[in-house]
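Asks: Pasting a structure here, questions to come.
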Amino acid sequence: MSLNFRSPEVVQACRNQLGESPVWDERTQTLHWTNIHACEIWSWEVSASAPVVRTMPERIGAIGLREGGGLVIALESGFATLKADSSQPVPIASLPDPAAHTRLNDGRVAPDGRFLCGGMSEEQPQRANAALYALDADSSVRTLLTDIACANSLCWSPSGRTLYFSDMATRRIDAFDYADGKIANRRIFAELTTPGAPDGSIVDEDGFLWNAQWGGGKLVRYAPDGSVDREVALPVSNPTCMVFGGPELDIMYITTAWFTLDPATREKEPYAGSLFAWRPGVRGLPSPRFQG
């Protein structure tokens, strides 16, 4: 794939209402992502011209690779697995006491093979009544954190010992110590000082965190100490998440959304909801696989 080094460009004009949760399968050279409100999972083997789109029975907030093949997925109120050629999720776990009017929103497989996923309130204004969960390999579910309005930014340091997390309503990214599926020592990693809110994040091989800033129209790369290292402008207001892919893990794929844009803004942003890609000059890390 020939990509401009400096500028993200559209590689799939998919017009997702709410594209999210991209994961890269290095075994098959396939990118998977969700279009949440359309109840879709998109899968693009990049040697092919067009993605395969599967419609699910309900909204899928987040997905991850599975060691045994296929995906682990976060349904609105629980977890399931999905075979590579199927549109029928197999439920494996429900959430413990989910609050009304919440759904699972952002998740990622941890370096230790667990699947962590956080929820969000769908009430307006949002209430801080969602939670962060850990799905273990035996399909048991534990609550790690409560009082969340909209969970996002789940990713880990290269060592796997630091978890990054954001509640979008706070406009900051926090860090936790992480070990054996447990979190401790919450502290502020970075606070946003410009328009936008922290959506999805990914960490590169140098330990720098890239964050998609919803409403800010940009990606921000943070150094391990939380200082801003780099900003990359996008031609859309709502980037949602990113992942490193390609044979060398040197291509960054970026999902976006047109959800919440008014008609005038949508007309000005014809590529809102598209999949972007570029070569940022740094490599990523392989996507871990759920061990259940």
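Take 0 as the starting number for the sequence shown in numbering that gives the first Met the number 0 and just add one per residue.
Idealized CB from N, CA, C, for every residue including glycine.
Remember, predicted model here, so these are calculated numbers, not experimental data.
Near Asn128, what residues of its chain come up, given a Cβ to Cβ distance below 7 angstroms and the 5 sequence neighbours on each side ignored?
Replies: Result list for Asn128: Ala98, Thr101, Ser120, in chain order.
Asks: Have a look at His31 and Phe243 and give me their C-alpha separation to the nearest angstrom.
Replies: Each residue's alpha carbon lies about 12 angstroms from the other.
Asks: Return the bridge partner residues of Trp43 from the DSSP annotation.
Replies: Note: Trp43 sits in a beta bridge opposite Leu30.
Asks: How many angstroms separate the CA atom of Lys217 from the CA atom of Glu19?
Replies: The alpha-carbon atoms of Lys217 and Glu19 are separated by roughly 16 angstroms.
Asks: Report buried or exposed for Thr239, applying the criterion of at least 16 other Cβ atoms within 10 angstroms of its Cβ.
Replies: Flag for Thr239 reads buried.
Asks: Identify whether Glu266 lies in helix, strand or coil by the three-state DSSP scheme.
Replies: Helix at Glu266.
Asks: If you check the beta carbons only, do Met251 and Pro279 fall under 7 angstroms apart?
Replies: Yes.
Asks: In the structure shown, what three-state DSSP assignment does Met241 receive?
Replies: The answer is strand: DSSP assigns Met241 an E or B state.
Asks: Rounded to a whole number of angstroms, what is the C-alpha to C-alpha distance between Ala136 and Pro262?
Replies: Taking the straight line from one Cα to the other gives about 44 angstroms.
Asks: Hey, could you find the ends of the beta strand (DSSP E) Leu115 is sitting in?
Replies: Taken as a continuous stretch (DSSP letters only), the beta strand (DSSP E) holding Leu115 covers 114–120.
Asks: Rounded to whole angstroms, what is the Cα-Cα separation between Asp111 and Lys181?
Replies: Those two C-alpha atoms are separated by around 11 angstroms.
Asks: Going by DSSP, what residues sit across from Phe275 in a beta bridge?
Replies: The partner list for Phe275 (beta bridge, DSSP) reads Val9, Ile253.
Asks: Which residue or residues does DSSP assign as beta-bridge partners of Glu190?
Replies: Answer is Arg171.
Asks: Can you tell me the Cα-Cα spacing of Arg325 and Gly118, whole angstroms?
Replies: Nothing can be reported for residue 325: it is not among the residues displayed for the chain, which extend from 0 to 291.
Asks: Check whether the Cβ atoms of Leu208 and Tyr177 sit closer than 7 angstroms, and answer yes or no.
Replies: Not closer than 7 angstroms, so no.
Asks: Under the three-state reduction of DSSP, which class applies to Ile35: helix, strand or coil?
Replies: It is helical.
Asks: Between the C-alpha atoms of Pro194 and Leu17, what's the straight-line distance to the nearest angstrom?
Replies: Spanning the two alpha carbons is a distance of roughly 20 angstroms.
Asks: So, using beta-carbon positions, are Ser200 and Ser152 closer together than 7 angstroms?
Replies: Yes, the Cβ-Cβ distance between Ser200 and Ser152 is below 7 angstroms.
Asks: What is the DSSP secondary structure of Phe258, reduced to helix, strand or coil?
Replies: Of the three classes helix, strand and coil, the one that applies to Phe258 here is coil, per DSSP.
Asks: Take Arg229 and list the residues in its own chain whose beta-carbon comes closer than 6 angstroms to its own, dropping the five residues that flank it on each side.
Replies: For Arg229, where only same-chain residues beyond five positions count, the Cβ hits under 6 angstroms are Arg220.
Asks: Trp213 and Asp224: beta carbons closer than 7 angstroms?
Replies: Not in contact: Trp213 and Asp224 (Cβ atoms no closer than 7 angstroms).
Asks: Leaving out five residues on either side along the sequence, give the residues of the same chain with a beta carbon under 7 angstroms from the beta carbon of Ala83.
Replies: So the qualifying residues of the chain are Gly68, Gly69.
Asks: For Arg229, name the three-state secondary structure that DSSP assigns.
Replies: Three-state DSSP puts Arg229 in a strand.
Asks: Kindly identify the DSSP beta-bridge partner or partners of Pro90.
Replies: Looking at the DSSP assignment, Pro90 forms a beta bridge with Ala79.
Asks: For the beta strand (DSSP E) that contains Phe356, what are its first and last residues?
Replies: Nothing can be reported for residue 356, as the shown portion of the chain is limited to 0 through 291.
Asks: Please report the distance separating the alpha-carbon of Leu143 from that of His36.
Replies: In a straight line, the C-alpha of Leu143 is about 26 angstroms away from that of His36.
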